[in-house]
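Take a look at the structure set out below.
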Amino acid sequence: MDGQNDRTQVRDRVRRLINSQREFNEQVNQFCRETSDPEVQRILGEIAKRGLENINRLSRLLAIKCAT
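First residue of the sequence shown? That's 861 in the numbering used here, and the numbers climb one at a time after it.
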């Protein structure tokens, strides 16, 4: 496989990972809104924060791969 196809596949997979993480974060945030347990809300908040960090890191990776 040539380099262009490799980059295209990487970009496509990173985009799918970003979308999957966004969907997961939406579910986490929805559950956080629906529960009244403060401990569960705290843990879900931490998970959502890490998920957002993942999205940001993946977005930077995607930007790097799109620039090359």
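Positions of the beta carbon are idealized from the N, C-alpha and C atoms, including for glycine.
No experiment lies behind these values; they were computed from the predicted model shown.
Can you say whether residue i is buried or exposed, counting buried as having 16 or more other CB atoms within 10 angstroms of its CB?
i: V900; result: exposed
i: L904; result: buried
With a Cβ-Cβ cutoff of 7 Å, do residue i and residue j count as a contact?
i: V874; j: L912; result: no
i: R882; j: K925; result: no
Can you round the beta-carbon distance between residue i and residue j to whole angstroms, since I take them to be within the 8 Å contact cut?
i: E907; j: V888; result: Correcting the residue identity first, residue 907 is Ile in this sequence and not Glu. Indeed, because the Cβ distance is near 5 Å, the residues count as touching under 8 Å.
Any heavy atom of the ligand ZN inside 6 Å of the beta-carbon of residue i?
i: A923; result: This structure lacks the ligand ZN; in fact it carries no ligand of any kind.
Problem set entry | Residue ranges of each alpha helix (DSSP H) within the region 890-927, 4 or longer | Segments of the alpha helix (DSSP H) lying fully in the region 890-927: 898-927.
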